[in-house]
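Heads up: the protein sequence lines correspond to chains A and B, in order.
12 is the number that full-length UniProt numbering gives to position 12 of the first sequence; each next residue is one higher, with no gaps.
117 is the number that full-length UniProt numbering gives to position 117 of the second sequence; each next residue is one higher, with no gaps.
Even glycine gets a Cβ: it sits at the ideal position worked out from N, Cα and C.
Below is one structure, written out as structure tokens; comments come after it.
Number of protein chains: 2
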Amino acid sequence: MRDQVKTAYGGAVPDTPDPIAEAHRQWSVRWPEHADHMAAVTSVMRAQQLLLSRIEAVLKPHGLTFAAYEALRLLAFTRTGTLPMGKMGTRLMVHPASVTNVIGRLERRGLVGRAPSPDDRRVVLATITPAGRDLAEEATAALNEAGFGIAALPAERAAEITAALRAVRVSVGELAEG
Amino acid sequence: MRDQVKTAYGGAVPDTPDPIAEAHRQWSVRWPEHADHMAAVTSVMRAQQLLLSRIEAVLKPHGLTFAAYEALRLLAFTRTGTLPMGKMGTRLMVHPASVTNVIGRLERRGLVGRAPSPDDRRVVLATITPAGRDLAEEATAALNEAGFGIAALPAERAAEITAALRAVRVSVGELAEG
DNA sequence: ATCCAATATTTGGAAGTTAAAATAGTTTCC
DNA sequence: GGAAACTATTTTAACTTCCAAATATTGGAT
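If you want it as structure tokens, here you go:
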């Protein structure tokens with residue numbers, strides 16, 4: 001079992017002990033006052049990449065991408081299983097066109113239905129079907145079992161991440177201070 | 001100045017005080033032992049989305065996407081300004097096909113050159129041009145000025161994020177414990 | 001010398017993203 | 001009652017990413 005440098009996208013092995021620490025060092029030489037920000041941003045990007053690839057690997061056997069899973073879960077979590085397209089975009093923080101796209105694919109698979117709202121005919125209502133509910137439940141169980149790709153991480157460490165990143169969301173104005 | 005719910009993709013305003021806290025509550029009801037992991041992962045995804053959109057806004061006037069910037073910066077940071085395509089993929093942690101793609105675009109704009117390696121004819125060497133170097137320098141200055149999208153965040157908070165996320169990278173096996 | 005397994009890159013295709021324009025329906029306000 | 005302004009969704013087009021398959025090239029084993 002050699003320590004080869006393997007495939008390198010999803011689950012990867014860099015050729016430097018810690019590429020981010022290395023970049024931080026490089027930055028410190030020329031722009032010391034910005035090195036911490038650079039490293040934080042790079043860390044977020046890299047963590048997202050790692051987590052996304054693990055999560056999509058868990059979801060793949062169920063035929064879902066992360067985007068599709070999020071949409072399905074959102075619907076499954078509402079009492080009626082129905083939500084206007086626009087509302088979904090807001091909740092998921094994605095572009096309306098992305099909602100159209102994802103829901104379109106889910107619809108073709110019979111996991112959600114689509115119908116114009118009786119109240120406002122501009123509005124299109126997406127509704128999760130029983131099959132969609134089953135799949136959402138199934139996929140959620142799989143993700144939980146897999147600890148969302150970070151099962152090995154103690155819960156306290158996970159909570160620290162949430163807390164540390166709340167500062168970003170506040171700083172960017174998504175959240176009120178709190 | 002009303003508190004309207006605005007555009008909602010790039011820089012967004014959710015319709016709940018803190019959507020992640022809300023999701024954590026929901027999760028706690030049914031899967032309490034996984035709620036922290038779910039929240040951490042969701043936080044990373046959301047932070048990445050927010051930061052990426054701010055960073056791309058800074059880079060846009062310079063005609064670069066974040067991916068293009070990273071590739072250019074990587075080349076600019078090597079002494080010779082030259083790297084094999086494969087090596088770039090490893091360093092940037094992206095799929096080889098993505099490297100082909102990005103370098104192709106940079107090449108068309110005269111920011112990098114491409115040439116087969118004299119040593120190994122399977123290998124293609126990408127080299128940054130003087131114009132590429134200038135642009136990289138310029139874009140880096142812009143990013144620094146913008147504090148990488150989190151100028152408002154104190155450096156200590158930024159460092160906390162890097163530290164907290166190092167745990168993820170370790171847990172996933174990208175990094176040795178340290 | 002040759003064959004075969006590994007390596008490096010590119011191509012083609014599915015998915016996702018965004019911005020901008022098109023379409024349709026609703027509301028507001030004279 | 002009708003024009004103008006606004007809102008919701010979809011379409012289109014341009015990018016980006018990844019995967020899987022194809023194409024070259026190399027290097028080691030026979």
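Check                                                                                                     : Outcome
For B/Leu52, the first and last residue of its enclosing alpha helix (DSSP H)                             : 35-59
Spatially closest choice to residue 221 of chain A from B/Pro17, B/His24, B/Arg91, by CA coordinates      : This structure cannot settle anything about residue 221 of chain A, because the visible part of chain A is limited to 1 through 178.
Pair within 7 Å by beta-carbon distance, B/Val123 and B/Pro84                                             : yes
Cβ of A/Asn144 within 7 Å of any chain B Cβ                                                               : yes
Between the CA atoms of B/Ser117 and B/Ile161 - distance to the nearest angstrom                          : 40 Å
Contact set between B/Val58 and chain A, taken where Cβ atoms lie within less than 7 Å                    : Neighbours of B/Val58 on chain A: none; closest Cβ ~11 Å, over 7 Å.
Buried versus exposed, by CB contacts within 10 Å (16 or more), A/Asp36                                   : buried
Residues that B/Arg114 bridges to, as DSSP identifies them                                                : B/Ala126
Cβ separation of B/Leu51 and B/Gly147, assumed to be a contact under 8 Å, to the nearest whole Å          : Not quite, the Cβ-Cβ distance comes to about 11 Å (not below 8 Å), so this is no contact.
Of the residues A/Glu156, A/Ala176, A/Ala163, the one placed nearest B/His34, counting alpha carbons only : A/Glu156
Under the three-state DSSP convention, the category B/Pro32 falls into                                    : helix
Limits of the alpha helix (DSSP H) - the one that B/Leu92 falls within                                    : 85-92
Nearest-angstrom Cα separation, counted from B/Val41 out to A/Glu174                                      : 17 Å
Three-way DSSP call (helix, strand, coil) for A/Thr80 in this model                                       : coil
Contact under 7 Å by Cβ, A/Leu111 with A/Ala131                                                           : yes
Candidates A/Leu75, A/Ala47, A/Arg30: closest to A/Leu135 by CA position                                  : A/Leu75
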